[in-house]
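Asker: The structure follows.
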DNA sequence: CTGTGTGCAAAGGGTTTGCAAGTAC
DNA sequence: GTACTTGCAAACCCTTTGCACACAG
């Protein structure tokens, strides 16, 4: 709990019980979390405020949004992002069976040689398949 | 107009004016089209029916949905899809300036060597940047 | 004390469902 | 004629906005 407290202070966000619990939940999650799953676990907090909380976390570079194609936006802690730039150009993986989404920090993103006439600046890659847990 | 008529017949969908016009629009579009842009061009048709039309086209493998990260879902004709399988594993490109999205049919998708413990089966790649038109 | 954060109510937007009338074949 | 398709109304869900109260610093 004290780690996440430090994160909030470092980003000049006020330390409130709601923020602590949300951030703690994400800090210890093994997969990216959807807003829905946060609501389910933290029932007593207001759903609308949760939108604002996630938005401010995202703006400060504490978390990043993952569009994994399931329709549900998910969020995960940023490894090295800040309010100026999101370094979220790593590969994401979404399991077709359990629906969980992970950041594949260890996987090298492919270099896109610019064969098209368009100028490539960023990219978003989501791999899909069966995750380690569901394979066994 | 006769090409799209053949497509509908081949997929066992009834040939109606609405379907012809929607499909014709997508057939001749240079970029993927959003539902909003279809509504703008085909004002006289019912918005709700358009949802169902796009859904049935997608289910029959005539078009595929592209989630380009703009929030607006877009659709493009499938090169070689059918009701059993979508071969939409080509790379997509989204322009930050004009917002247009293209299928990069010519770009070879990278082969993902399975370095993770998860089993990779499909992928979704969206490149972002500035398109040819906006560069000039 | 001051400004930020929270909760509630309401509004907004996109999407889906139900049903009767219309139309392709 | 029959089954599919359409249009309209209403419902549903997710997300945003406005505002008064509560609370962190």
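Chains as they are written, first to last, in our numbering: chain A, 696 to 831; chain B, 696 to 831. Backbone N, C-alpha and C fix where the C-beta goes; we use that ideal spot for every residue, glycine too. Remember, it's a predicted structure, so these values are computed and weren't measured experimentally.
1) Return the CA-CA distance between residue 739 of chain A and residue 766 of chain A, expressed in angstroms with no decimal places.
2) Would residue 796 of chain B and residue 760 of chain B qualify as a contact pair, given that the criterion is a beta-carbon distance under 9 Å?
3) Within this structure, are the beta carbons of residue 708 of chain B and residue 720 of chain B separated by less than 9 Å?
4) Is the distance from the Cβ of residue 825 of chain A to the Cβ of residue 816 of chain B below 9 Å?
5) Comparing the C-beta of residue 811 of chain A with each C-beta of chain B, is any distance below 9 Å?
6) For the alpha helix (DSSP H) containing residue 829 of chain B, name the first residue and the last one.
7) Could one say the Cβ of residue 825 of chain B lies closer than 9 Å to chain A's Cβ atoms, at least one of them?
8) How close, in whole Å, do the beta carbons of residue 764 of chain A and residue 728 of chain A come, if the pair is a contact with beta carbons under 8 Å?
9) If you drop the 5 nearest sequence neighbours on each side, which residues of the same chain put their C-beta closer than 8 Å to that of residue 792 of chain A?
10) Thinking just about the alpha-carbon of each residue, which of B:698, B:756 and B:819 is nearest to the one in residue 762 of chain B?
11) For residue 811 of chain B, list the residues DSSP reports as bridge partners.
12) Which partner residues does residue 771 of chain B have in the DSSP bridge list?
13) Taking the alpha-carbon positions, what's the residue 731 of chain B to residue 743 of chain B distance?
14) If I follow the unbroken beta strand (DSSP E) through residue 796 of chain B, where does it start and stop?
15) Can you tell me whether DSSP reads residue 725 of chain A as helix, strand or coil?
Answerer: On the basis of the coordinates in this document:
1) Approximately 25 Å between the Cα atoms of the pair.
2) Contact: no.
3) Not in contact: residue 708 of chain B and residue 720 of chain B (Cβ atoms no closer than 9 Å).
4) Closer than 9 Å, so yes.
5) It does: the Cβ of residue 811 of chain A has a partner Cβ on chain B nearer than 9 Å.
6) Run containing residue 829 of chain B: 827–830, per the alpha helix (DSSP H) assignment.
7) Cβ-Cβ to chain A under 9 Å: yes for residue 825 of chain B.
8) Residue 764 of chain A to residue 728 of chain A, Cβ: 16 Å. No contact.
9) Once the five neighbours on either side are set aside, the close Cβ partners of residue 792 of chain A are 825, 826 and 829.
10) Ranking the options by Cα distance to residue 762 of chain B, first place goes to B:819.
11) In the DSSP secondary-structure assignment, residue 811 of chain B is not bridged to any residue.
12) As computed with DSSP, residue 771 of chain B is found in a beta bridge with B:759.
13) C-alpha separation (whole angstroms): 12 Å.
14) First-last of the beta strand (DSSP E) with residue 796 of chain B: 796–799.
15) Per DSSP, reduced to three states, the secondary structure at residue 725 of chain A is coil, with no helix or strand assignment.
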